[in-house]
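In the numbering used here, the protein residues as written are 109 to 420. Don't be surprised by glycine CBs; every beta carbon is placed ideally from N, CA and C.
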Ligand code: ADP
Ligand code: MG
């Protein structure tokens, strides 16, 4: 098996014409490798280029430049093997209203040349909680059910790499948990999972590795833990006694948030500032520290620090 499940080399996508106003670089010289068997998270604010990347992988959008490989297969020169290696769950749902979920998956399996005896339609329907709807009319399916069926369609040909674009956006917690336990199970069986999500806690708990896109460029790519640690962010919560002056002079790179009942939260970079300096600073302001606790930063904090707009 090749070392990487996904390889991108200088991948670019532009929309519009160079001299026109609506010209955008949705992806800008993106290079990255995803190891075999990784649970990989692709994050970024709205408009970062996540869907563009996923739609390129799905063959729905044509790249402008660069190389894309899945399981070592080149998208341009080994298209059949490429397609067979990958299952993509796009953001949008679109179904033939005259098919039942069973038929829809069976036809999809046929399109991929999966032999009748090798089709695991019932297994997939069961895993997605759609067993009882196997032979129902498509129009009787709720939005959540359709979304699950979309995932099923990406799985019928047993791809080595599964790519999901915001699969849990607007989906209830129960369904979200069911999907994730299924994805974890597939991942434990060696399948590479690549997903985009808006839920940072989700990415933090599921993903081994994370890439952050902003304005079509890769601004971080790392193990999830390393990424959080590399930021060196420290958050301290203090309950104090005394009068906290407004507009006091803050040492640089420190952010203070005031709460009720004489509590404040202070965040700073560990490399630039030490906790005892913070305590000294408080003493110099004639404030008594009644209670002090520290908090480990999470992905949301990291994300806010890294992305330009920080609005997502
Ligand atoms: P994300 O999924 O991260 O929110 P997208 O990949 O959808 O981001 O969009 C990236 C950029 O490309 C945005 O600036 C968006 O407006 C632009 N874009 C996406 N699709 C099109 C399109 N079909 N035509 C023109 N611009 C597009
Ligand atoms: Mg998107």
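Asked                                                                                                                                                                             : Found
Whole angstroms are fine: how far does the CA of residue 313 sit from the CA of residue 288?                                                                                      : 10 Å
Here's the rule I'm using: 16 or more other beta-carbon atoms within 10 Å means buried, otherwise exposed. How should residue 170 be labelled?                                    : exposed
Here's the rule: buried if 16 or more other CB atoms are within 10 angstroms of the residue's CB, otherwise exposed. What is residue 305?                                         : buried
Excluding sequence positions up to five away, which residues of its chain have a Cβ less than 6 Å from the Cβ of residue 400?                                                     : 346
Where does residue 259 sit, in a helix, a strand or coil, going by DSSP?                                                                                                          : helix
Mark residue 206 as exposed unless 16 or more other C-beta atoms lie within 10 angstroms of its C-beta, in which case mark it buried.                                             : exposed
Going by C-alpha to C-alpha distance, which of 311, 316, 375, 282 sits closest to residue 296?                                                                                    : 316
Let's see if you can read the secondary structure: which residues bound the beta strand (DSSP E) around residue 272?                                                              : 269-273
Taking 6 Å as the limit between beta carbons, can you name the residues of its chain near residue 415, skipping five residues before and five after?                              : 153, 322
Just the Cα atoms here: how many angstroms apart are residue 379 and residue 385?                                                                                                 : 12 Å
Between the alpha carbons of residue 407 and residue 118, how many angstroms are there, rounded?                                                                                  : 27 Å
Compute the distance between the beta-carbons of residue 299 and residue 270, then report whether it is under 7 Å.                                                                : yes
What do you get for residue 334, buried or exposed, if any count of 16 or more other CB atoms within 10 angstroms of its CB means buried?                                         : exposed
May I ask you to check if the CB of residue 156 is nearer than 6 Å to at least one heavy atom of ligand 1?                                                                        : yes
Following the continuous beta strand (DSSP E) through residue 295, name the residue where it begins and the one where it ends.                                                    : Unbroken run through residue 295 is the alpha helix (DSSP H), 281-296; no beta strand (DSSP E).
Sorted by chain position, which residues of the same chain lie with C-beta nearer than 7 Å to residue 232's C-beta, five sequence neighbours on each side aside?                  : 213, 260, 263, 264
For the alpha helix (DSSP H) that residue 368 lies in, which residues bound it at each end?                                                                                       : Premise fails: residue 368 is in no alpha helix (DSSP H) and is neither H nor E.
Run through the stretch 290-336 for me and flag every whole beta strand (DSSP E) of 3 or more residues, listed as ranges in chain order.                                          : 300-304, 317-322, 325-331
Closer than 6 Å: is that where the CB of residue 123 sits relative to any heavy atom of ligand 1?                                                                                 : yes
Here's a check: name, in chain order, each residue in its chain whose Cβ is nearer than 7 Å to the Cβ of residue 140, leaving out the five neighbours to either side.             : 116, 319, 326, 329
Could you tell me whether any non-hydrogen atom of ligand 2 is closer than 6 Å to the CB of residue 373?                                                                          : no
Is residue 159 near ligand 2, with its Cβ less than 6 Å from a heavy atom?                                                                                                        : yes
Tell me the residue span of the alpha helix (DSSP H) that contains residue 347.                                                                                                   : Counting along the chain, residue 347 falls outside any alpha helix (DSSP H), though it belongs to the beta strand (DSSP E) covering 341-349.
Looking only at C-alpha atoms, which of 110, 411, 268, 310 sits nearest to residue 285?                                                                                           : 310
Could you name each continuous beta strand (DSSP E) segment of 3 residues or more that falls completely within the stretch 117-174, going from the start of the chain to the end? : 132-143, 147-151
State the CB to CB distance for the pair residue 302 and residue 148, rounded to an integer number of angstroms; the pair is presumed to be in contact (CB under 8 Å).            : 5 Å
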